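1 is the number of the first residue of the sequence shown in full-length UniProt numbering; add one for each residue after it.
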Amino acid sequence: MTPTFSSGKMRKMCNQINSCCRTMCENLKIEAENKQVTNLKSICEAFTMDTTSSVAFGVTLDSHNDPNNVFVSMARKFLNLTIIISGIIIVIIITIIIVIITIIIVVITIIIVIIIIHAHTHTHSHAHTHTHTQKHVDFLQLLLNAHKDTGDDADDDEEDALSDEDLLAQSLLFFLVGFETTSTTLTFFAYNMACYPEEQEKLYKEIVEKIGDEDPSYDSIKPLTYLNMCLNETLRMFPFGLRTDRVAAQDVTINGLFIPKGMLVGIPIYVLHNDPEFWPEPHVFNPERFSPKNWNPNTSDPMRFMPFGAGPRNCVGMRLAKMEVKLAVVHMIRSFKFSATEETERPPVFERFALKTVNPLKIRVVKR
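Right, dumping it as C-alpha cells:
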C-alpha cells in the first residue's frame with residue numbers, strides 16, 4: 001500500500017484535487033455573494049466527497065450541487081450508517097450485549113456488499129473508458145497497476161498479488177477513512193482561521209508571496225512553513241482519531257507498570273493533545289507551537305503529538321491527507337476571508353465519543 005502514496009504518485013493527483021478545489025471555491029463564492037452565515041461542514045464534506053471519489057475511483061462529482069447523484073447518495077448513506085454504528089459499538093462494549101453486536105456485524109456486512117457491488121460496476125466502467133489512454137491517476141488504478149506488476153510477473157508472486165476482492169476492499173477502506181477525517185480537519189482549519197483573524201492574514205500573505213495566483217502543487221506547498229504550522233496546530237486541537245490501540249508484542253514494564261504480551265493498550269490521542277502539561281493553554285490556537293524553533297520532530301517528544309498515530313502502523317495515507325488539506329486551504333484563503341459571527345460557537349461543543357459538534361459550525365465567508 002505504501003508505494004501507492006509515493007511522492008511521484010501524489011504529484012500526479014494534484015490536478016484532480018485542484019479541480020475539486022475550484023469547484024469548492026465556486027460554491028463558497030455563492031455563499032459570499034449571499035452574505036449568509038455558512039455551515040462550513042457541508043461545504044467541506046462536499047469537497048472531500050468530490051476529491052476522494054476522484055482520487056480513489058476516478059469518478060468526477062459535484063456533490064454540493066448534485067446531491068442526488070447515485071454515487072453521492074449511496075456513499076452518504078453508508079457513511080452515516082457507519083457513524084451511527086460506531087457510536088452503538090461503544091455502548092455495546094460498555095454493556096456487553098453480544099446479541100446486538102451480532103446484529104450490527106450482519107448489517108455492516110450487508111451494506112459493505114452493496115457498496116462493493118456498486119464500486120465494482122464503476123471499476124469496470126472506468127477500466128473500459130481508460131483502456132488505452134489514462135488522463136489522470138486514481139487510487140484504484142494504481143492498485144490495479146500494482147496488481148498487474150506483481151501478480152503477473154511470475155508464479156512465485158501469485159500468493160502476494162491482490163485479488164479483486166482485495167482491490168475493492170482497499171478502495172472502500174480508502175473512501176471510508178479518507179472522507180470524514182479530511183473534511184473534519186478542513187472544517188476546523190477554516191473555523192480556526194475565522195476565530196483568529198491575525199493568524200489568517202499571516203497565512204494569506206505567505207500564500208500570496210510564495211504561490212501567487214498559480215495552482216498549488218505538491219512541490220510548491222512545501223515551503224509554506226506557516227501553513228504547515230497552522231495545520232499541525234489544528235490537528236493538535238482537533239485530532240479526528242481520538243485514540244488509537246496497539247497490542248503488546250512482548251512483556252514489557254514501563255514506569256513500573258507491567259504490560260503482558262498480547263494486552264491491548266489504548267493511547268488517548270485527544271487527551272495527550274489537550275494536556276496543559278505538554279501544551280500550555282491547550283484550547284488556544286497558537287501555530288507558533290510548531291514553528292521550526294519550537295518543534296523539531298527529531299528532538300521533541302513525538303508521542304505528545306500523533307494525529308496520524310505513530311510507528312510502523314501509523315496512517316498510511318497521512319501524506320496524501322495533508323496534501324489534500326493544504327491544497328484546499330491555499331485555494332480558500334487566497335480567495336476568501338473567514339470571520340466569526342454571533343452564531344459562531346466558541347468553543348465548539350462536541351458529542352460524546354466523537355469529534356462531531358452538537359451544533360453546526362457557522363462562520364461568514366467574504367470574497368477578498
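C-beta atoms are modelled at their ideal positions from N, C-alpha and C, and glycine is treated no differently. Keep in mind that this is a model prediction, so the values were computed, not measured.
Check whether residue i and residue j have beta carbons under 8 Å apart
i	j	result
L203	K326	no
E345	L361	yes
A328	L186	yes
N294	P282	no
D50	L40	no
M193	F290	no
residue 370	E199	Given a span of 1 to 368 for the chain in the structure shown, any question on residue 370 remains unanswerable.
I363	T48	no
D251	V265	no
Residue from the options with nearest C-alpha to residue i
i	options	result
P292	L224, E277, E343	L224
V271	E214, V252, G241, S300	G241
E31	T182, M13, H64, S19	H64
A190	P302, M332, P347	M332
N15	G262, V366, V55, Q250	V55
G262	T253, G256, A248, N228	A248
P348	A340, I43, N359	N359
S42	E209, M24, S300	M24
D66	N27, F353, R334, L320	N27
E214	S19, K9, S6, S7	S19
Q36	E343, S7, K356, L320	E343
G8	E209, N255, L320	L320
L355	K29, P307, N296, N34	P307
I29	S335, T299, E209	Note on residue identity: the sequence assigns Lys, not Ile, to residue 29. It is S335 whose Cα lies nearest to the Cα of K29.
Residue i, buried or exposed, once every other Cβ within 10 Å from all chains shown has been counted against 16
i	result
K322	buried
R368	exposed
P260	exposed
R22	exposed
G58	buried
R313	exposed
V365	buried
T253	exposed
G317	buried
T299	exposed
Rounded distance between the beta-carbons of residue j and residue i, thought under 8 Å
i	j	result
F305	R243	About 15 Å separates the two Cβ atoms, so there is no contact after all.
E45	S183	5 Å
P239	I267	Wrong, their Cβ atoms sit about 11 Å apart, outside the cutoff.
M229	P280	With 8 Å as the limit, M229 and P280 do not qualify as a contact, their Cβ atoms being about 16 Å apart.
Other residues of its chain near residue i: CB distance less than 6 Å, five sequence neighbours each side excluded
i	result
D219	none
T234	F188, F189, N192
R11	Y218
S6	none
C315	F308, G309
P276	P282
Cut-off 7 Å between Cβ atoms - residues of its own chain near residue i, not counting five sequence neighbours on either side
i	result
V330	I207, I211, P216, I221
Y196	F285
F179	T48, M49, T52, L79
Spatial neighbours of residue i in its chain, beta-carbon cut-off 8 Å, leaving aside the 5 residues before and after
i	result
S125	Here the model assigns S125 a pLDDT of 47, short of 50, so the residue's position is not dependable, and the following value carries that caveat. Hits under 8 Å: none found.
F278	L272, D301, R304
A340	A194, C195, R346, I363, R364
L227	L203, E206, I207, I221, K326, V329, V330
I17	T51, S54, V55, M323, E324, L327, A328
T181	F240, G241, A321
N34	none
Residue i at chain D interface by Cβ criterion, 8 Å
i	result
T184	Checking the listed chains, one finds no chain D in this structure; it contains a single protein chain.
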